[in-house]
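*Asks:*
Numbering (the numbering used here), first residue to last: -10 to 252.
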């Protein structure tokens, strides 16, 4: 049984992050269940990326974060890498590597140390991850020759290849055209439907409204609201948190709120 087949629950209890003497994340508490796509939203500087990096083990934090029954603070890096995959912003690759080999790095926590000498099972998982992000045709391309959008899809495939039960993605649809934005968010939703807890930072409130099971709204480092998108995204919240006035339209009978003007 792979890690992704073992659902994971992530509980945050008064999680805070202080950097250079400044409180960037302040006392965030949330209980995040498996098989959910959670959108982490909020204005620039709200603490979204900092919180995600802390959960990934890249920044120090206080408070308690429990993955199932395991405190993340006491989890060995190797075990954490198998249980939580992380997609940072930027999608930078600093070496000339084939796209397939970049995706194969997702198997490293499971023993796939050499991308050119993967087991048959690891190779199957890599190919499936690339299919899910529509980048299999790029497999033999040097990743440094790819467009920003193509590279973003390759890096998302790398995260899928980890097959971790918790997937952290920081702005996964940035730099993508509308069709591939939808393809990536649908792929993330598919991961959630397979049991993965997906936490994705996004500035696209329309995508969050349509696809997320739950949204966490951060404002000035704190959690301002959480719950189902229809309950959380209100004109009052957009005015208070984002400083914008919203317009509401209906698509297929579903209300959609669009940031329309500054307040």
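Backbone N, C-alpha and C fix where the C-beta goes; we use that ideal spot for every residue, glycine too. Predicted, not measured: the structure shown is a model, and the values here were computed from it.
1. Please tell me whether residue 113 has its Cβ less than 8 Å away from any Cβ of chain C.
2. Between residue 126 and residue 114, what straight-line distance do the alpha-carbon atoms span, to the nearest angstrom?
3. If we count Cβ pairs, one from each stretch, closer than 8 Å, do we get three or more for the region 44 to 64 versus the region 199 to 215?
4. At a cut-off of 7 Å, would you count residue 20 as near the ligand GTP, judging by its Cβ distance to the nearest heavy atom?
5. Return helix, strand or coil for residue 68, following the three-state DSSP convention.
6. Is the beta carbon of residue 72 sitting closer than 8 Å to the one on residue 204?
7. Taking 8 Å as the cut-off, decide whether the C-beta atoms of residue 78 and residue 18 are in contact.
8. Take the Cβ of residue 90 as the centre, count every other Cβ of all protein chains shown within 10 Å, and call the residue buried at 16 or more, exposed below.
9. Alpha carbon to alpha carbon, how far is residue 252 from residue 223?
10. Could you check if residue 100 is buried or exposed, using at least 16 other CB atoms within 10 Å of its CB as the buried criterion?
11. Using the rule of at least 16 other Cβ atoms within 10 Å of the residue's Cβ for burial, across every protein chain shown, is residue 257 buried or exposed?
12. DSSP has residue 215 in a bridge; who is on the other side?
13. Which class does residue 94 belong to by DSSP, given the choice of helix, strand or coil?
14. From residue 70 to residue 227, what distance separates their C-alpha atoms?
15. How would you label residue 80, buried or exposed, when you count the other beta carbons within 10 angstroms and need 16 or more for buried?
16. Around the Cβ of residue 88, are there at least 16 other Cβ atoms within 10 angstroms (buried) or fewer (exposed)?
17. With distances taken from CA atoms, which of 180, 138 and 32 is nearest residue -3?
18. With DSSP collapsed to three states, give me the class of residue -8.
19. Residues in its own chain within less than 6 Å of residue 207 by CB, not counting five upstream and five downstream?
20. Output the distance between the C-alpha atoms of residue 269 and residue 3, rounded to the nearest integer angstrom.
21. What's the C-alpha gap between residue 120 and residue 9?
22. DSSP state of residue 243, grouped into three classes?
23. For residue 27 versus residue 163, is the C-beta spacing smaller than 8 Å?
*Replies:* The structure says:
1. Looking for chain C here will not work: only one protein chain is present.
2. 16 Å
3. no
4. Absence of the ligand GTP is noted for the structure shown, with no ligands found whatsoever.
5. helix
6. Result no, Cβ atoms of residue 72 and residue 204 do not sit closer than 8 Å.
7. no
8. buried
9. Cα-Cα distance, rounded: 14 Å.
10. exposed
11. As displayed, the chain neither begins before -10 nor continues past 252, which places residue 257 out of reach and without an answer.
12. Answer is 205.
13. helix
14. 36 Å
15. buried
16. Buried is the call here.
17. 180
18. For residue -8, the predicted structure reports a pLDDT of 47, less than 50, and the residue's modelled location is therefore unreliable. A value from the coordinates is still provided. Secondary structure of residue -8 (DSSP, three-state): helix.
19. If we look at residue 207 and ignore the five residues flanking it on each side, its Cβ neighbours are 31, 35, 36 and 37.
20. Here the chain has residues from -10 to 252 only, and residue 269 is not among them.
21. 42 Å
22. strand
23. no
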